[in-house]
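All you need for the numbering used here is the position in the sequence shown, starting with 1, plus 40.
For every residue, glycine included, the Cβ atom is placed at its ideal position computed from N, Cα and C.
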Amino acid sequence: MKTKLLKLAIYVTFSIAATGCTDSLRTSSTWQVHDANRPQPWIVTPAQQPGHPPIDAIILFDGKNLSHWTSDKTGGPAKWKVENGYMEVTKKAGDISTKESFGDCQLHIEWASPENIYDDKQDRGNSGVFFMGRYEVQILDSYYNKTYPDGQAAAVYGQSPPLVNASLPPGQWQTYDIIFHSPKFKKDKLIKPATVTVLHNGILVQDHWQIKGSTREDPTIYEAHPEKLPIQLQDHSTPVRYRNIWIREL
Ligand code: MG
41 MKTKLLKLAI YVTFSIAATG CTDSLRTSST WQVHDANRPQ PWIVTPAQQP GHPPIDAIIL
101 FDGKNLSHWT SDKTGGPAKW KVENGYMEVT KKAGDISTKE SFGDCQLHIE WASPENIYDD
161 KQDRGNSGVF FMGRYEVQIL DSYYNKTYPD GQAAAVYGQS PPLVNASLPP GQWQTYDIIF
221 HSPKFKKDKL IKPATVTVLH NGILVQDHWQ IKGSTREDPT IYEAHPEKLP IQLQDHSTPV
281 RYRNIWIREL
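This is the structure we're talking about:
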């Protein structure tokens, strides 16, 4: 009897291995495994060069003008300097925001801190990308510029230092590729916090970090807000430059 049971166990084990029956364990509630009726993913033509926008991206800045941006200070046209294919934070012009609103998204943005260093810590090439005007991924010249870790480049400001410091020297163009999921509210109650994943110069620095609340508040808190809101770039009185900004809604 024991031998029979052992043989049966071996047979079942080998059968599963041979036929891939273990796939049945991965059957989702909606679709069978390898279901031919499952909708095909959309075809999205990638850019010819890495970092350039794919075909379904919304171009927020192509180096020519600030037509997608508005001044938070005046509510009118954004007044940052545009030249040589980049925009530059212009002192006292204030923060700027996209005219369009976004929730869950993939953002590509390139930035450069000033080549000439004339300050340190938080005053060296400080700017920031604020999702929904509330949740900041910090921009700072963090190349041999020691400051509090949750305030350096690629930190979720005041909450999460980057996993590593992937900063390039001042003046060099750097990239952020960010996947942001907005918080979800039911009436005034938070039911799902926001999350953010950041690649800094291609290196993972925020790994699906669960945002604790608005980075503008201390302590951080969530206050209910609309599902989509503009993306904001910060004027922190240092002439940080931006170029090649595009976004995909998720
Ligand atoms: Mg900042």
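Asked	Found
For the candidate residues ILE136, LEU244, GLY173, whose alpha-carbon lies nearest to that of SER222?	GLY173
Which runs of the beta strand (DSSP E), 3 residues or longer, sit entirely within the segment 110 to 190?	121 to 123, 126 to 128, 136 to 138, 145 to 152, 167 to 171, 175 to 179
Residue range of the beta strand (DSSP E) that VAL238 falls in?	235 to 240
Straight-line CA distance for TRP109 to PRO270?	9 Å
Of all residues in the structure, which have a C-beta closer than 7 Å to any heavy atom of the ligand MG, taken in chain order?	ASN166, SER167, GLY168, GLU176, GLN178, ILE179, LEU180, TYR197, GLN274, HIS276
At a cut-off of 6 Å, is PHE225 close to the ligand MN when judged by its beta-carbon and the heavy atoms of the ligand?	The ligand content of the structure shown is limited to the ligand MG, which means the ligand MN is not among them.
Go ahead and pull the three-state DSSP assignment for THR215.	strand
Among the residues of its own chain, which have a CB less than 7 Å from the CB of PRO210, if the five just before and after it don't count?	SER153, PRO154, GLU155, ILE157, GLY165, ASP181, TYR183
May I ask you to verify whether the segment 261 to 268 touches the segment 219 to 234, counting CB pairs closer than 8 Å and requiring at least 3?	yes
Quick one: Cα of PRO201 to Cα of ALA76, how far?	44 Å
Would DSSP call GLN250 helix, strand or coil?	strand
Find the nearest neighbour of ILE231 within the set PRO279, LYS252, ILE287, judged by alpha-carbon distance.	LYS252
What separation, rounded to the nearest whole angstrom, lies between the Cα atoms of TRP82 and GLN162?	43 Å
Using the three-state DSSP reduction, which class does VAL204 fall into: helix, strand or coil?	coil
Out of ALA118, GLY143, TRP151, SER69, point me to the one whose CA is closest to ARG288's CA.	GLY143
Buried or exposed: which applies to ASN105, given that a residue is buried once 16 or more other Cβ atoms fall within 10 Å of its Cβ?	exposed
Judging by CA-CA distance, which residue of ILE99, ARG281, GLN214, GLN212 is the nearest neighbour of GLN146?	ILE99
Excluding sequence positions up to five away, which residues of its chain have a Cβ less than 6 Å from the Cβ of LYS131?	SER277
Report the residue from THR237, LEU208, ALA206 whose alpha carbon sits nearest the alpha carbon of PHE220.	THR237
Could you tell me the distance, in whole angstroms, from the CA atom of ALA195 to the CA atom of ASN185?	14 Å
Per DSSP, which residues does ARG281 bridge with? Please list them.	GLU128, ALA152
I want to see whether chain B comes within less than 7 Å of GLU140, judged by CB atoms only; does it?	In the structure shown, chain B cannot be found, because there is only a single protein chain.
Using three-state DSSP, classify HIS265 as helix, strand or coil.	coil
Determine the direct distance from the alpha carbon of SER141 to that of GLY103, and round the result to whole angstroms.	21 Å
Go ahead and pull the three-state DSSP assignment for HIS221.	strand
Quick check on ILE285: buried or exposed, where buried means 16 or more other Cβ atoms within 10 Å of its Cβ?	buried
So, with DSSP's three-state summary, where would you put SER64?	Residue placement at SER64 is flagged as unreliable, the pLDDT there being 42, under the threshold of 50; the coordinate-derived value follows with that caveat. Helix.
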